[in-house]
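For reference, the structure is listed below as structure tokens.
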């Protein structure tokens with residue numbers, strides 16, 4: 001009798017936990033009508049549906065006040081022998097408070113990340129959205145997006161960019177400055193010891209990446225309100241049905257630590273209501289679907 005009661009109690013607890021797990025968001029959180037409306041209101045512009053095949057535009061994100069960073073990276077960009085556009089970064093310090101409350105979903109940001117975003121994080125996200133928008137208005141098929149706090153070997157970087165463009169069917173977003181392990185799975189050798197990889201687990205950084213028009217459009221369409229840092233958008237590839245890849249070993253490095261775009265004060269005016277259970281469930285559900293989706297992408301690439 002006691003065993004039966006304990007079994008029923010255990011079963012009830014399991015059902016409650018399962019119900020909470022299912023009810024809490026985590027699998028799909030970015031694509032919704034609210035996103036589309038806000039993006040249309042804040043970033044609306046007629047996108048150019050025509051492009052020149054295999055063309056690439058380089059976009060350097062730079063804060064107007066970060067003149068030292070610009071002086072440092074310009075010689076490296078010059079050695080790439082590719083034209084580039086300097087895009088003035090959005091400075092989070094100067095975004096009006098009322099606009100921030102409109103641009104950021106603080107409630108869900110706190111739930112997913114466990115804290116509110118810094119003004120710099122908001123500015124960083126808006127800067128990348130600005131680049132995607134500018135890219136979609138161009139005639140380029142691909143964009144190379146660079147933050148101003150990076151360093152690289154220009155000769156090697158150029159070779160890998162050229163090689164990567166020849167196998168663009170394998171990626172929609174291709175990162176060159178992957179941080180953390182992520183359990184990379186080699187898909188294609190690029191040159192020497194460098195290869196294109198897919199990842200089964202979480203990684204980070206958005207300092208240097210290639211992106212095609214389809215991925216830029218899908219992500220821009222779901223960009224607002226901001227619910228997480230911009231590099232987290234990339235990694236939720238299942239929400240956009242895109243292929244995220246990275247070059248291993250990494251060939252781009254941060255030279256100044258965190259970019260000045262990120263390095264500004266907190267949004268202290270926002271009260272944080274932390275929900276540790278929500279954050280935990282969100283992380284678990286995210287990692288489950290990330291693993292399943294990326295495993296599918298890996299198997300399809302191996303069998304093609």
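Residue numbers (UniProt numbering): 1 to 304. The beta carbon of each residue, even a glycine, is placed where N, CA and C say it ideally should be.
By the C-beta density criterion, residue 218 is buried, having at least 16 other C-beta atoms within 10 angstroms.
Residue 123 and residue 232 have their C-alpha atoms roughly 15 Å apart. Per the DSSP secondary-structure output, residue 147 pairs in a beta bridge with 61. Here the C-alpha atom of residue 88 lies approximately 43 Å from the C-alpha atom of residue 303. When 136, 246, 216, 236 are compared, the shortest CA-CA separation from residue 208 is found for 246.
Closest option to residue 112, judged by alpha-carbon separation, among 297, 279, 285: 279. Beta-bridge pairing by DSSP links residue 179 to 204. Taking every protein chain shown into account, the CB of residue 223 has 16 or more other CB atoms within 10 angstroms, so this residue is buried. Comparing alpha-carbon positions, the option among 105, 299, 140 lying closest to residue 229 turns out to be 105. By the Cβ test, the segment 180-195 is not in contact with the segment 114-128, since fewer than three Cβ pairs between them sit closer than 8 Å.
Residues of the same chain with a CB within less than 6 Å of the CB of residue 158, apart from the 5 flanking positions on each side, are 80 in chain order.
Taking every protein chain shown into account, the CB of residue 156 has fewer than 16 other CB atoms within 10 angstroms, so this residue is exposed. Per DSSP, the unbroken alpha helix (DSSP H) holding residue 123 starts and ends at 119-136. Take the alpha-carbon of residue 154 and the one of residue 107: they are about 42 Å apart. Within a 10 Å sphere around the beta-carbon of residue 227 sit 16 or more other beta-carbons, which makes this residue buried. Between residue 102 and residue 93, the alpha-carbon positions lie close to 16 Å from each other. Annotation for residue 248: the continuous beta strand (DSSP E) segment containing it runs 244-248.
At a Cβ-Cβ threshold of 8 Å, residue 163 and residue 190 count as neighbours.
Counting along the chain, residue 90 sits inside no beta strand (DSSP E), nor does DSSP assign it H or E at all.
Proximity to residue 202 across 292, 277, 125 peaks at 292, based on C-alpha coordinates.
Rounded to the nearest whole angstrom, the CA to CA distance from residue 63 to residue 91 is 7 Å.
Within the same chain, 51, 136, 141 come within 7 Å of residue 213 by CB-CB distance, once the 5 residues on both sides are set aside. Just so you know, the alpha carbons of residue 298 and residue 241 end up roughly 14 Å apart. Residue 195 is bridged by DSSP to 189, 248.
Secondary structure of residue 54 (DSSP, three-state): strand. The beta carbon of residue 237 lies closer than 6 Å to those of 244 in the same chain, with the five residues before and after it left out.
For residue 77, the enclosing alpha helix (DSSP H) starts and ends at 67-79. In the displayed model, residue 294 falls within a helix according to three-state DSSP.
Spanning the alpha carbons of residue 173 and residue 234 requires a straight line of approximately 8 Å. Taking all protein chains shown into account, residue 182 has 16 or more neighbouring C-beta atoms within 10 Å of its C-beta and is therefore buried.
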